[in-house]
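Heads up, the thing below is written out as structure tokens.
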Amino acid sequence: MKVCVLVKSVIDKDSRFEIKEGLVHFDSYSDRTTNESDNYALEEALLIKESSDQDVEVVVACLGSEDSSQSIKDCLSKGADRAIHILDEKFNSLDALSISKVLKNALEEEKFDIILSGLQSDDIGNGQIGILLSEHLNMSHASLAMETELNGAEKIRVKRELEAGWFQWTTLSLPASITIQSGINKPRYASLRGIMMMKKKPIKVLSSSDIGIELNQATSLLEQSIPKKEKETKFFDGEADSFMDDLINSMANDLKVI
Amino acid sequence: MKSFVFIQSEAGVINKNSLEALCGIQKLSSRPSITAITFDEQSVETLSGYNIDRVLHLKNPLLQSYNPLAYVEAIQKIIQTEQPNLFAFGHTYEARDWVPRLSARLDIPFISDCTKIRFENNTIFTRHIYQGKIACDLTSSSETTILSIQSGSYRSDEVDSGSSATVENQEVDIVEDKRISQEDKFQESKGTVDLANSDLIVSIGRGIEKEENIPIAEELAQAIGAEIGSSRPVVDYGWVPHDRQIGSSGHIVSPKLYLAVGISGAVQHQVGMKGSEAIIAINKDKNAPIFEIADIGIVGDIFEIIPKLTAAIKEHKQKS
Ligand SMILES: Cc1cc2nc3c(=O)[nH]c(=O)nc-3n(C[C@H](O)[C@H](O)[C@H](O)COP(=O)(O)OP(=O)(O)OC[C@H]3O[C@@H](n4cnc5c(N)ncnc54)[C@H](O)[C@@H]3O)c2cc1C
Chain A
1 MKVCVLVKSV IDKDSRFEIK EGLVHFDSYS DRTTNESDNY ALEEALLIKE SSDQDVEVVV
61 ACLGSEDSSQ SIKDCLSKGA DRAIHILDEK FNSLDALSIS KVLKNALEEE KFDIILSGLQ
121 SDDIGNGQIG ILLSEHLNMS HASLAMETEL NGAEKIRVKR ELEAGWFQWT TLSLPASITI
181 QSGINKPRYA SLRGIMMMKK KPIKVLSSSD IGIELNQATS LLEQSIPKKE KETKFFDGEA
241 DSFMDDLINS MANDLKVI
Chain B
259 MKSFVFIQSE AGVINKNSLE ALCGIQKLSS RPSITAITFD EQSVETLSGY NIDRVLHLKN
319 PLLQSYNPLA YVEAIQKIIQ TEQPNLFAFG HTYEARDWVP RLSARLDIPF ISDCTKIRFE
379 NNTIFTRHIY QGKIACDLTS SSETTILSIQ SGSYRSDEVD SGSSATVENQ EVDIVEDKRI
439 SQEDKFQESK GTVDLANSDL IVSIGRGIEK EENIPIAEEL AQAIGAEIGS SRPVVDYGWV
499 PHDRQIGSSG HIVSPKLYLA VGISGAVQHQ VGMKGSEAII AINKDKNAPI FEIADIGIVG
559 DIFEIIPKLT AAIKEHKQKS
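Quick mapping for you: the protein sequence lines, in order, are chains A and B. Note that the first sequence covers residues 1 to 258 in my numbering. Note that the second sequence covers residues 259 to 578 in my numbering.
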């Protein structure tokens, strides 16, 4: 059985940025990290591999620039068997539909039984890729998975999160693409042994010419900006001792909450 | 311009987020024709009371309860025959589950989780990226564009009413596809706290850093007389039980005071607490989206501020 995990490297949440001429620019030394829900997706794939009596291969697929390679290596260190890195400047700022077409072309011949992905990325947050891909590859799908149960080689049962504390079990015929919600498991850390083994694991790099795709994207970016505030906020900044009396006064007299 | 709004509805109970999407379309400055489309017969009468042109009720037994493959097939056919310019959804968990598939099937873009749509020569879609820190304006050159509206971006009670909508019932053919089958919905054990009825909540976010630091926030809560709530990661890590999670997957609360410590204010969190009468946020990042909705914003390190705030509140309470 072949399980694919879609992994994205994203800019760290604490990164500083500014908006120049309608475009966001991050500090060039910003850290990158693996998208949070993708970590849970990888862990779920490794758990499937470890608990199954079948032979399971876990393949990481990542579309992203060179600085995604640390995320790929982390996945291999944790136990994925090999990786596919789709790397081409032409793929830098694609919309969700275009990304899914690139992934389709790159991954189709692998004939994966299961594709797992994080439910949405922490940067752009389209929240669509795993499901778009299910349609392109004619797979069944489920989103917001909080538990999975593989039943033999044909079916997987998935507990889907719904709003406000509700859930629903869904049974999917394989092949299936499932998007994973954070909290489904406890992602592991890489072991020293894992890091040593990682160095021997293959990473296949694919460019746009390997993939052979003409994209004709319909959506385009007009501009980026800082969102407008909805409320008048009274700010307290600086040394806590310098504003504490004012703050208590505001809480007691303006908001009347203490 | 021709627009459709999908109304998610069960036994006559219309999803609020669908109405917010309808409101967003109604407010477009060059108002398009509007068709509200639903699978739920019991919502037709309510829908016909809105200021729209048409209610389209699609009929097929396979649409009675949620199935993504049946839903995609039904709406695919409608989009192909009617070719609307805009096809809008509320950004519900259900829409998240099936609308991308519709987009791939028809090869038309789906701009998800929009906070605003407006018309200036062209339709402009605004969505937030980087967890709410940056707003992004997009356009689409596609004949049809699918969009979804983020919960809370428009007000369902501002949907315009009217009386000229025509009602159309249409049978659709759907080939049953058994690859996805759903069981009944259920709610996990409810837990013991009643956050929905708590007047004061101190809510803990990932900024608390580790489990051992939780008591710092608990002492603050005690000083105020508040219950403890939390954001999702803190529950995911197992530091706080699930029944204290605030947000779209957890509780929706509207206390007199919501004091958020180390919470960034992602939309899925805001959905759960935006209705609070007063919001105080402590965060070291002055750009954190939580400050967009806060009455009082304290910019700084929670480990420096909370102990001092706790002491000051105790002192204040002793005096008064
Ligand atoms: C479908 C879906 C459903 C979801 N449901 C929910 C839900 O129900 N509830 C929910 O909360 N989230 C939910 N989420 C997750 C949500 O998108 C965010 O990831 C989450 O709310 C972030 O939690 P946080 O603010 O605690 O963490 P972060 O976003 O990591 O924010 C931590 C904040 O703490 C600040 N900070 C760090 N250290 C300090 C310090 N020492 N002093 C002061 N400030 C500090 C940082 O500046 C940052 O702003 C959902 C997501 C999806 C996609």
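Glycine residues also receive a C-beta, built at the ideal position from the N, C-alpha and C atoms. Being a predicted model, the structure only gives us computed values, none of them experimental.
Note to self: Less than 8 Å separating the Cβ of His527 (chain B) from some heavy atom of ligand 1?
What the structure shows: yes
Note to self: Cutting at 6 Å between CB atoms, please list the residues of its own chain near Pro565 (chain B), excluding the five before and the five after it.
What the structure shows: none
Checklist line | Cβ-based contacts, 9 Å cut-off: residues of the stretch 547-558 of chain B near chain A | finding: Pro547, Phe549, Glu550, Ile551, Ala552, Asp553, Ile554, Gly555, Ile556, Val557, Gly558
Notebook entry, point to check: Taking contact to mean at least 3 C-beta pairs separated by less than 8 Å, is the stretch 241-254 of chain A in contact with the stretch 317-332 of chain B?
Noted result: no
Margin query: Can you confirm whether Glu278 (chain B), when its beta carbon is compared against all beta carbons of chain A, has any partner nearer than 9 Å?
Written below: no
Item checked: Element boundaries [beta strand (DSSP E), containing Glu223 (chain A)] -> 219-225
Checklist line | With 16 other Cβ atoms within 10 Å as the buried cut-off, status of Pro499 (chain B) | finding: exposed
Notebook entry, point to check: Name the chain A residues that come within less than 7 Å of Cys394 (chain B), Cβ to Cβ?
Noted result: Leu221, Gln224
Next item on the list: Output yes or no for whether 9 Å exceeds the beta carbon distance between Val10 (chain A) and Val59 (chain A).
Entry: no
Next item on the list: Check the Cβ-Cβ distances between Tyr412 (chain B) and every residue of chain A, and say whether any is below 9 Å.
Entry: no
Notebook entry, point to check: What distance in whole Å lies between the Cβ atoms of Thr373 (chain B) and Ser411 (chain B), which are believed to be in contact at a cut-off of 8 Å?
Noted result: 5 Å
Next item on the list: Taking all protein chains shown into account, decide if Leu221 (chain A) is buried (16 or more other Cβ within 10 angstroms of its Cβ) or exposed.
Entry: exposed
Next item on the list: Output, in sequence order along the chain, the residues in the stretch 39-54 of chain A whose CB is closer than 9 Å to any CB in chain B.
Entry: Tyr40
Check: Using a Cβ-Cβ cut-off of 7 Å (strictly less than) and excluding sequence neighbours within five positions of Trp497 (chain B), which residues of its own chain qualify?
Finding: Glu469, Ile472
Next item on the list: Confirm, please, whether the CB-CB distance from Leu63 (chain A) to Gln217 (chain A) is below 9 Å.
Entry: no
Margin query: Quick test of the definition: if touching needs 3 or more C-beta pairs under 8 Å, does the stretch 136-156 of chain A touch the stretch 367-382 of chain B?
Written below: no
Check: Which of helix, strand or coil does DSSP assign to Thr233 (chain A)?
Finding: coil
Check: Helix or strand or just coil, what does DSSP make of Asp395 (chain B)?
Finding: strand
Next item on the list: Give, in chain order, every residue of the stretch 457-471 of chain B whose Cβ lies closer than 8 Å to some Cβ of chain A.
Entry: Leu458
Note to self: Can you tell me whether Ile538 (chain B) sits near ligand 1, meaning its C-beta is under 8 Å from at least one heavy atom of the ligand?
What the structure shows: no
Note to self: Rounded to the nearest angstrom, what separates Glu154 (chain A) and Ser140 (chain A) at their Cα positions?
What the structure shows: 12 Å
Margin query: Considering only heavy atoms of ligand 1, does any lie closer than 8 Å to the CB of Ala145 (chain A)?
Written below: no
Checklist line | Ser456 (chain B), buried or exposed, once every other Cβ within 10 Å from all chains shown has been counted against 16 | finding: buried
Notebook entry, point to check: So, does the CB of Val102 (chain A) fall closer than 9 Å to a CB anywhere in chain B?
Noted result: no
Notebook entry, point to check: Mapping DSSP to helix, strand and coil, what is Gly118 (chain A)?
Noted result: strand
Next item on the list: Would you tell me roughly how many angstroms separate the C-alpha atoms of Asp210 (chain A) and Ala83 (chain A), rounded to the nearest one?
Entry: 16 Å
Margin query: Using CA atoms only, rank isn't needed, just tell me which of A:Thr219, A:Pro227, A:Glu230 is closest to Asn380 (chain B).
Written below: A:Thr219
Checklist line | the stretch 19-27 of chain A contacting the stretch 109-128 of chain A, beta-carbon criterion three pairs below 8 Å | finding: no
Check: Less than 9 Å separating the beta-carbons of Arg363 (chain B) and Glu135 (chain A)?
Finding: yes
Next item on the list: Return the Cβ separation of Lys260 (chain B) and Pro342 (chain B) in integer angstroms, given the expectation that the two are a contact with Cβ distance under 8 Å.
Entry: 5 Å
Checklist line | Three-pair Cβ contact test at 8 Å for the stretch 263-283 of chain B versus the stretch 237-244 of chain A | finding: no
Notebook entry, point to check: When the cut-off is 9 Å and only beta carbons count, does Phe368 (chain B) lie next to chain A?
Noted result: yes
Check: Which first and last residues belong to the beta strand (DSSP E) in which Asp371 (chain B) is found?
Finding: 368-378
Check: Does ligand 1 have a heavy atom nearer than 8 Å to the CB of Asp543 (chain B)?
Finding: yes
Check: Would a C-beta distance cut-off of 9 Å place Leu133 (chain A) and Ser177 (chain A) closer than the cut-off?
Finding: yes
Notebook entry, point to check: Do the stretch 35-49 of chain A and the stretch 158-167 of chain A touch if we need at least three Cβ pairs shorter than 8 Å?
Noted result: no
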